[in-house]
Structures are given as structure tokens and as C-alpha cells.
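One structure is given here, and the rest of the page talks about it.
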Amino acid sequence: MLVPGSASQSLAAALAAETGRSLATPEYRVFPDGEACASVPEFAGEEAVVVAATVSNDALVELLQLQDAVREAGASSVTTVLPYMGYARQDRAFEEGQPVSARAVARAVSTGTDRVVLVNPHEDGVADFFAAETTVLDAAPRLATPLPDDLADPLFLAPDESARGIAAETRDAYDRGAVDYFEKERDYDTGAVTIRPSDADASGRDVVVVDDIIATGSTMSEAVAALVKRGPERVFTACVHPMLVGNARTKLATAGVERVFGTDTVEREASAVSVAPVVADAL
Ligand code: R5P
Numbered sequence: 007m008l009v010p011g012s013a014s015q016s017l018a019a020a021l022a023a024e025t026g027r028s029l030a031t032p033e034y035r036v037f038p039d040g041e042a043c044a045s046v047p048e049f050a051g052e053e054a055v056v057v058a059a060t061v062s063n064d065a066l067v068e069l070l071q072l073q074d075a076v077r078e079a080g081a082s083s084v085t086t087v088l089p090y091m092g093y094a095r096q097d098r099a100f101e102e103g104q105p106v107s108a109r110a111v112a113r114a115v116s117t118g119t120d121r122v123v124l125v126n127p128h129e130d131g132v133a134d135f136f137a138a139e140t141t142v143l144d145a146a147p148r149l150a151t152p153l154p155d156d157l158a159d160p161l162f163l164a165p166d167e168s169a170r171g172i173a174a175e176t177r178d179a180y181d182r183g184a185v186d187y188f189e190k191e192r193d194y195d196t197g198a199v200t201i202r203p204s205d206a207d208a209s210g211r212d213v214v215v216v217d218d219i220i221a222t223g224s225t226m227s228e229a230v231a232a233l234v235k236r237g238p239e240r241v242f243t244a245c246v247h248p249m250l251v252g253n254a255r256t257k258l259a260t261a262g263v264e265r266v267f268g269t270d271t272v273e274r275e276a277s278a279v280s281v282a283p284v285v286a287d288a289l
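Heads up, the sequence shown is in the numbering used here, so the first residue is 7 and it goes up one at a time.
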């Protein structure tokens, strides 16, 4: 039985359709003191697949509760699908005294599950932090699906070197176009991003800027601002995890982005394609 976290209800429904598994209807309560209580009233002695993007601290607590609730209800096994793993980008202590938050989260999640499935967790090495058996999935090829069929001489551009692979996979799935990348530096105190453009020729072309995640939108908007000076025809952005926090959408629109394409690992208006087929294959 699939058990959705409150932030992954559409993905869980898509997975139910894809796999033919039944879908539990959890209740997500919050007590007056702010404490959550996620429960699974009708769960009965089966294999449980908890699908929960940990997009917030509340969603993380909810996931731990759902894992516990299905065990309490007699689940024979628990698989935890983290379509988006919050804290994955804190995969090391960047300054003295900092925690390795991804490891702390992984330890907590591991206590309630037999198996973990991660979708594009920023760095695959995060999987090593889990005590349970962990599978890492790559949904980047799905990003080609919602792109317009008529992209003109497309250029798939990574805003930094670490996104080159995702940009190349998107291009390969689209089956047409070139790949290039910019270089990025981030000031970790202010969050400000500086982009050093390559000499990519964008003039008259449709450009798709591809990254694993758009969070504040700083990386994408700086990359797009650098691109727009080169006279592209249209600029799209594509990412696996459309977190789009705060004023990210406005930053992207102001920079000149025509449309943002994301997947449903994070359920947003920009979630134009589902990762359900990729996750279904791994279950
Ligand atoms: C960093 O290396 C990631 O791949 C993303 O580029 C980054 O996390 C995006 O964050 P933001 O949208 O806040 O710039």
C-alpha cells in the first residue's frame, strides 16, 4: 500500500496508477500546541511504501510519524521514497562546528524503514548516510518530456559544472541540441551567486537551463541574465526539484525566463512531468 505524505499526494496517486498498488488516505492533524499527528487509519498488515518529500521540517516529522504508524498497524515491510530529500545539500560541515545535516536526517529516516529510495539527491554520496538499503534514482531524462517539440537549435545549459550531467541527460532524452555549462560561485554568508559565463553562442537559439533544483532561484536567474545578453530566441528552465521558495518565480520572470519546467518530486505549479514511472520501476 502506498502511503503519501501531505506534500506528495499527487505523486503517490500517480504511482498508484502506474503500479496498481492501493493508496492509503492518511490523516494529517495538527494539535493546538503545533505538534503534528499523521495517522493511517485503514492500513492493514501489508507492505508499506511511504512516499514523502521532506520539503520542510514539518514534512520530515510527518514522514517519521507515517513510518511509525504503518509499523504500529502491522506493516510487514516499510519502503521510504524521498522524492525530494530536504537537507541533502548540507552533505558536509561547511564551517567548523556545523553538523552534517544530511547525515542526521538520514539516520533518523533509517530507523523507521527497511529500504530508502532517493530521487536526484544533489550528490549521490548522500545515500551512504542511510543505514537502510538505499537506491538512488535519476529522473533527469523526464525533463525532456514537457519541453516544446519545436525548440530552435536548442542549447541545454548547466548553470554550474555540477549540473552538466543533468543537462546532458536532458539533451539526450530530447534527442537534439548541444550542451554547455557556466561556472558559479556562491557567497555562503549572503547567498549571492556569481556566474562566469562560457562563450556559448545563444544567439537566435532556444536555451534550456537545467539544474537539479531551483530553490531561491538565484542560480538560475543569474545564469539566465548572463544568457539573455547574447540574444537567445527563448529561455526555459528545467529542474528535477522545483522548490521555488520566496520570490524565486519573480526573479526568474524578471530575468527573462519564458517557462519553468519541473517534476512532481516537489509539487508546485511548475511540476509539468511526473517521476512516477522512474519510481515505479524501482519498487
Ligand atoms: C547547487 O549546486 C544546486 O545544484 C543548485 O544550483 C542550487 O542549489 C540552486 O539553489 P538556488 O535556486 O537557491 O540558487
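We treat Cβ as the ideally placed atom computed from N, Cα and C, and that holds for glycine.
Buried or exposed by the 16-neighbour rule on C-beta atoms within 10 Å, applied to residue i
| i | result |
| --- | --- |
| Pro32 | buried |
| Ala137 | exposed |
| Pro160 | buried |
| Thr225 | buried |
| Pro203 | buried |
| Thr200 | exposed |
| Asp134 | exposed |
| Gly223 | buried |
| Glu48 | exposed |
| Ser209 | exposed |
| Arg177 | buried |
| Tyr194 | exposed |
| Cys43 | exposed |
| Lys235 | exposed |
| Glu273 | buried |
Beta-carbon gap between residue i and residue j smaller than 8 Å
| i | j | result |
| --- | --- | --- |
| Tyr187 | Glu167 | yes |
| Ile220 | Thr243 | yes |
| Pro147 | Glu101 | no |
| Pro127 | Val57 | no |
| Leu72 | Thr60 | no |
| Asp97 | Pro165 | no |
| Leu153 | Phe267 | yes |
| Leu258 | Ser227 | yes |
| Ala206 | Leu163 | yes |
| Val55 | Leu124 | no |
| Val46 | Ala20 | no |
| Ala145 | Val246 | yes |
| Gly103 | Gly80 | no |
| Glu275 | Arg240 | no |
| Ala94 | Ala108 | yes |
| Gly92 | Leu66 | yes |
| Val251 | Leu143 | no |
| Ser82 | Glu53 | yes |
| Val214 | Ala229 | no |
Coarse secondary structure for residue i, derived from DSSP in three states
| i | result |
| --- | --- |
| Asp205 | coil |
| Leu21 | helix |
| Gly171 | helix |
| Ala276 | coil |
| Phe242 | strand |
| Tyr93 | coil |
| Val61 | coil |
| Pro10 | strand |
| Val46 | coil |
| Thr269 | strand |
| Arg148 | helix |
| Ala75 | helix |
| Ala54 | strand |
| Thr176 | helix |
Terminal residues of the alpha helix (DSSP H) in which residue i lies
| i | result |
| --- | --- |
| Leu157 | Leu157 -> no alpha helix (DSSP H), and no H or E assigned at all. |
| Thr256 | 254-261 |
| Arg225 | Before going further, note that residue 225 is Thr rather than Arg in the sequence given. 224-234 is the span of the alpha helix (DSSP H), which, as asked, contains Thr225. |
| Ala112 | 107-116 |
Endpoints, beta strand (DSSP E) assigned at residue i
| i | result |
| --- | --- |
| Ser83 | 83-88 |
| Lys190 | 189-192 |
| Val251 | First-last for Val251: undefined, no H or E at that position. |
| Ala282 | Premise fails: Ala282 lies in the alpha helix (DSSP H), 282-288, not in any beta strand (DSSP E). |
| Thr31 | Segment: none, Thr31 is in no beta strand (DSSP E) and carries neither H nor E. |
| Thr141 | 139-143 |
| Val302 | What the structure shows of the chain is the stretch from 7 to 289, and residue 302 is not part of that stretch, so it cannot be assessed. |
| Val132 | Premise fails: Val132 is in no beta strand (DSSP E) and is neither H nor E. |
| Asp212 | 212-220 |
Determine, using beta-carbon pairs with one atom in the region 115-135 and one in the region 86-95, whether at least three such pairs fall under 8 Å.
yes
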